[in-house]
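So the sequence shown is residues 6 to 303, counted in my numbering. Glycine residues also receive a C-beta, built at the ideal position from the N, C-alpha and C atoms.
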Amino acid sequence: MIRGLLGSIGRVIGLLTAVYLAFIGVRGSRLLVRPEVRPFLPDPPDAPATPADLGLDYEAVRFTTDDGVTLGGWLVPSSRDTRTAVIVLHGFSGHRLPELAAFVPWLQERHNVLQFDFRGHGESDPSTITLGTRERRDVAAAVRFVESRGLGPIALFGISMGASTAIVAAPELAVAAVVADAAFAELHHPIANRMRQVGYPLADIGARAIVAGAMLRTRTRLADPLSAVARISPRPLLLIAPRDDQLISWRQSQRLYEAAGEPKELMVVDGAGHAEAYAVAPEAYRRRVLDFLERYLG
């Protein structure tokens, strides 16, 4: 009798768990591929809205991917006579404005800089978001655009989702170097951490249910940076890892570093949260990135 009762309880728990995971997969995948995207406005309001607000020349540009998505961005010419170029890739549900103030002024002192918004973000066409899979086409279109202006060699410089997208895009593109700041190695990792932060149980298996749901919604296999990173070699890779990142553990960058081929570098920034490495250690960050780009772009 007791055995039968325990069996019944087990079946009920199993059923409730399955229902919960199905709910999480459906709801979470919808939020993942169609999140609430931040409006294309300076935040705070007095932050730079265009490169001109920083005293920089620029050209507003639009270019189209091979699947027909039009992307908006800025091309900022270098202060020095050079053909080298850096393509800056922003994070999930954001746009290019935060990276404008943080990175463009010192990058353009040595390189031409292209910033653009991924599909479904900022001033680019609406689209579902696939955290790197279809966004690879955006990066490929950006590389073609830069090449059409006679610029190169080209480096990719990504933050968070932009970093992971750079890793999965680079193996198939004619780029000379990759800088990846706060990249995830496996997509379910930041999703599980976010679930834990808001108090959802079964975060690890729930995150995998969300990824599975997102693949069903988008009818595509979502990109896996950990599987792609080795194919960047022999192009150089610089990974930057905020030590105190609660969304994407710095050990995700360590795993990518271990899986990558040579040449590769890993910079761990103590005291930095997610995508805060530059804010915490700006001088060391600038020096490391610029030295890396100087060695491999010229």
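Margin query: Does L11 come out as helix, strand or coil in the three-state DSSP assignment?
Written below: Against the sequence shown, residue 11 aligns to sequence position 6. For L11, the pLDDT reaches just 47, beneath the cut-off of 50, and the residue's location in the model is therefore unreliable, leaving the point undetermined.
Next item on the list: Please go through the same chain and pick out, in chain order, the residues whose beta-carbon is closer than 8 Å to the beta-carbon of L11, but skip the five residues on each side of it.
Entry: One-based indexing of the sequence shown puts residue 11 at position 6. At L11 the pLDDT is 47, less than 50, meaning the model places this residue with poor confidence and gives no usable figure here.
Margin query: My output table needs one value for L80: the three-state DSSP class, helix, strand or coil.
Written below: Along the sequence shown, one-based indexing puts residue 80 at 75. Reduced to three states, the DSSP call for L80 is strand.
Check: Which ranges would you report for the alpha helix (DSSP H) in the region 169-245 if only whole runs of at least 4 residues count?
Finding: Taken in chain order, the whole alpha helix (DSSP H) runs of length 4 or more contained in the region 169-245 are 193-203, 208-223, 230-233.
Next item on the list: Kindly indicate which three-state DSSP category G137 falls into: helix, strand or coil?
Entry: Start at 1 with the first residue of the sequence shown, and residue 137 comes out as number 132. Secondary structure at G137: coil, using DSSP grouped into helix, strand and coil.
Check: Quick one: is D51 buried, meaning 16 or more other Cβ sit within 10 Å of its Cβ, or exposed?
Finding: Mapped onto the sequence shown, residue 51 falls at position 46. By the beta-carbon neighbour count (other beta carbons within 10 angstroms, threshold 16), D51 is exposed.
Margin query: Under DSSP, the beta strand (DSSP E) around V93 begins and ends at which residues?
Written below: Here residue 93 corresponds to residue number 88 of the sequence shown, with the count starting at 1. For V93, the enclosing beta strand (DSSP E) stretches over residues 90-94.
Next item on the list: Please name the residue in W111, V38, V294, F150 whose C-alpha comes closest to that of L243.
Entry: Locating residue 243 in the sequence shown gives position 238, counting from the first residue. Cα-wise, what sits closest to L243 is V294.
Next item on the list: Tell me, please, whether the region 175-186 touches the region 195-215 by the rule of three or more beta-carbon pairs shorter than 8 Å.
Entry: Between the region 175-186 and the region 195-215, the count of C-beta pairs closer than 8 Å stays below three; the two stretches do not touch.
Next item on the list: Between the Cα of E299 and those of A147, A146, T89, R141, spot the shortest distance and give me the residue it belongs to.
Entry: What you label residue 299 is simply residue 294 of the sequence shown in a count that begins at 1. If we check each option's Cα against that of E299, T89 comes out closest.
Next item on the list: Give a yes or no on contact between the region 154-173 and the region 187-196, applying the rule of three or more CB pairs nearer than 8 Å.
Entry: Because the criterion of three Cβ pairs below 8 Å is met, the region 154-173 and the region 187-196 touch.
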